[in-house]
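Residue numbers (our numbering): 9 to 216. The C-beta atom is built at its ideal place from N, Cα and C for all residues, glycine as well. The structure appears below as structure tokens.
This is how it looks when you write it as structure tokens:
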């Protein structure tokens, strides 16, 4: 939930935002009407609310992750073709997505990993390329301890040069002047932690 809260802080009132699978879906439960943020899902809904307290897909709409969600006042429904026209037309202000790897060139790999079933890239490619800002939330390392922030992605790419912000349990990175830069340390993390656990080279510009 810590990563979801930090991702929410990247959004501003009036943003139309799409949330990817996994950690990003938690952001929906944190948004209140005061935030003024409108959630979009690629299966055809604008105005997505938090998960229902009880009940399932028979009583509520579902998002693109097949998770039941509530509909906020003023919500609208449309077909998938219209939804992807919004994405490809640049009408989504921000996408928050998970990641398997992000590299020094702002490339993202998040849909295929060795040893796992290949389900296809789905709408991730369109969102990563079409959203005005791409925020990636992910654990800093994979299960084997290897860094997910790498010199160059070795997994199949989702999008090239698309990532704006990376949020992990250790730090926040941005691409400033086309260079990977750590700008914030998460609570309990030190710069030494980040340096020792990050395979990619990065600049340091910690915000005071």
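For residue 134, name the three-state secondary structure that DSSP assigns. helix
Can you name, in chain order, every residue of its own chain whose Cβ lies under 7 angstroms from the Cβ of residue 201, other than the five neighbours on each side? 178
If you compare alpha carbons, which of 11, 23, 199 is closest to residue 42? 23
Can you list, in chain order, the residues of its chain with a C-beta nearer than 8 angstroms to that of residue 194? Leave out the 5 residues immediately preceding and following it. 10, 14, 176, 177, 178, 179, 180
Count the C-beta pairs between the stretch 142 to 158 and the stretch 122 to 134 that are closer than 8 angstroms, then say yes if the count reaches three, no if not. no
Cβ of residue 55 within 8 angstroms of Cβ of residue 46? yes
Would you kindly report the start and end of the unbroken beta strand (DSSP E) that includes residue 39? Counting along the chain, residue 39 falls outside any beta strand (DSSP E), and DSSP gives it neither H nor E.
Report yes or no: do three or more beta-carbon pairs, one from the stretch 60 to 71 and one from the stretch 95 to 103, lie closer than 8 angstroms? no
From what residue to what residue does the alpha helix (DSSP H) around residue 94 run? 88 to 96
Can you tell me the Cβ-Cβ gap for residue 102 and residue 163, rounded? I've got them flagged as a contact below 8 angstroms. Incorrect: roughly 23 angstroms between the Cβ atoms, too far for contact.
Would you list the one or two residues that DSSP bridges to residue 9? Paired residue(s): none; residue 9 is not in a bridge.
Residues in its own chain within less than 6 angstroms of residue 182 by CB, not counting five upstream and five downstream? 173, 189, 191
DSSP has residue 68 in a bridge; who is on the other side? Paired residues: none, contrary to the question.
Nearest-angstrom Cα distance between residue 134 and residue 127? 16 angstroms
Should residue 107 go down as buried or exposed, given a rule of 16 or more other Cβ atoms within 10 Å for buried? buried
In the DSSP output, what is residue 49 paired with across the bridge? 53
Please confirm whether residue 136 and residue 142 have their CB atoms less than 8 angstroms apart. yes
If you draw a straight line from the alpha carbon of residue 40 to that of residue 104, how long is it in whole angstroms? 17 angstroms
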